[in-house]
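Below is one structure; the comments refer to it alone.
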Amino acid sequence: NKIDTEVFMTHEIAHALHYTDSPKFYFENEKQQKHIGRQIITEGLATYFSKTVLGISGEKALWGEYLAIDTLTKWMNDCQKQFDTIRTVVKNNFYSTDNRLGLFYANDKEDILNFRAGYYAGLKLVEQITKSQNISLMELSKIPREKFEKLILSLL
Numbered sequence: 004n005k006i007d008t009e010v011f012m013t014h015e016i017a018h019a020l021h022y023t024d025s026p027k028f029y030f031e032n033e034k035q036q037k038h039i040g041r042q043i044i045t046e047g048l049a050t051y052f053s054k055t056v057l058g059i060s061g062e063k064a065l066w067g068e069y070l071a072i073d074t075l076t077k078w079m080n081d082c083q084k085q086f087d088t089i090r091t092v093v094k095n096n097f098y099s100t101d102n103r104l105g106l107f108y109a110n111d112k113e114d115i116l117n118f119r120a121g122y123y124a125g126l127k128l129v130e131q132i133t134k135s136q137n138i139s140l141m142e143l144s145k146i147p148r149e150k151f152e153k154l155i156l157s158l159l
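If you read the sequence shown in the working numbering, its first letter stands for residue 4, the second for the next number, and so on.
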C-alpha cells in the first residue's frame with residue numbers, strides 16, 4: 004500500500020544519505036553489517052528520518068501499516084514495558100556481530116527481543132540524542148561513527 008511504500012522508500016533513502024555523510028557506517032561484509040551498535044544507530048536514524056520527513060508517528064515509521072492495529076499496539080506496549088531489558092541487551096552486545104541476536108528480525112512475535120525491538124530501541128535512542136544535543140536531522144547524519152557510538156552508549 005501507499006503508506007508502506009512511502010515509509011520503506013524514505014527509510015532506505017535515509018540510509019543512502021547517512022552512508023554518504025558518514026561512510027564509516029557503511030559495511031563491506033555481513034559481519035560488519037550485523038554489528039549491533041552500527042545497526043542501532045543506522046536503523047534508528049533511518050526510522051527517525053522517516054518519522055520526521057513524512058510527519059508520521061513512531062509506530063508508522065517502525066511498521067508502516069504492515070501490522071494489524073491490535074498487534075502493533077501490543078508490540079509497542081511490549082517494547083515500552085521491556086525497554087530496560089532491550090537496552091541492557093543492546094549494551095551487552097553493542098560490539099557483537101552475532102547474527103543469532105534477533106533484535107532486527109521478525110522471528111517471534113511472542114518474544115520482543117526476537118521481533119524487531121532493535122528498531123524501536125534505535126528510534127528511541129536517536130530521538131534522545133536529537134533532543135539532548137539539540138541537532139537537526141541533517142546534522143544527525145553527519146555525526147562521526149565514534150562519537151555517535153559514544154552518545155548511544157552513554158544512554159544505555
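For glycine and all other residues, C-beta sits at the position ideal for the given N, C-alpha and C.
{"Check": "Span separating the alpha-carbon of Gln35 from that of Val56", "Outcome": "28 Å"}
{"Check": "Closest residue to Ser144 among Thr50, Phe11, Asn4 and Val10 (Cα-Cα distance)", "Outcome": "Thr50"}
{"Check": "For Phe107, three-class secondary structure by DSSP", "Outcome": "coil"}
{"Check": "For Phe118, three-class secondary structure by DSSP", "Outcome": "strand"}
{"Check": "Distance CB(Leu2)-CB(Ile89) smaller than 9 Å", "Outcome": "What the structure shows of the chain is the stretch from 4 to 159, and residue 2 is not part of that stretch, so it cannot be assessed."}
{"Check": "Member of Thr74, Val129, Glu149 and Val92 whose CA lies at the smallest distance from the CA of Lys54", "Outcome": "Val129"}
{"Check": "Residue range of the alpha helix (DSSP H) that includes Asn95", "Outcome": "Phe86 to Asn95"}
{"Check": "Three CB pairs or more closer than 8 Å across the stretch 132-142 and the stretch 71-80", "Outcome": "no"}
{"Check": "Limits of the unbroken alpha helix (DSSP H) element including Glu149", "Outcome": "Arg148 to Leu158"}
{"Check": "C-alpha distance - Tyr29 paired with Lys37, whole-angstrom precision", "Outcome": "11 Å"}
{"Check": "Distance, Ser25 Cα to Gly67 Cα", "Outcome": "26 Å"}
{"Check": "Thr23 to Ile44 span [Cα, whole Å]", "Outcome": "15 Å"}
{"Check": "Residue closest to Phe151, alpha-carbon to alpha-carbon, out of Gln83, Phe97 and Asp101", "Outcome": "Phe97"}
{"Check": "Contact set for Leu20: own chain, Cβ-Cβ below 7 Å, skip 5 residues either direction", "Outcome": "Ser144"}
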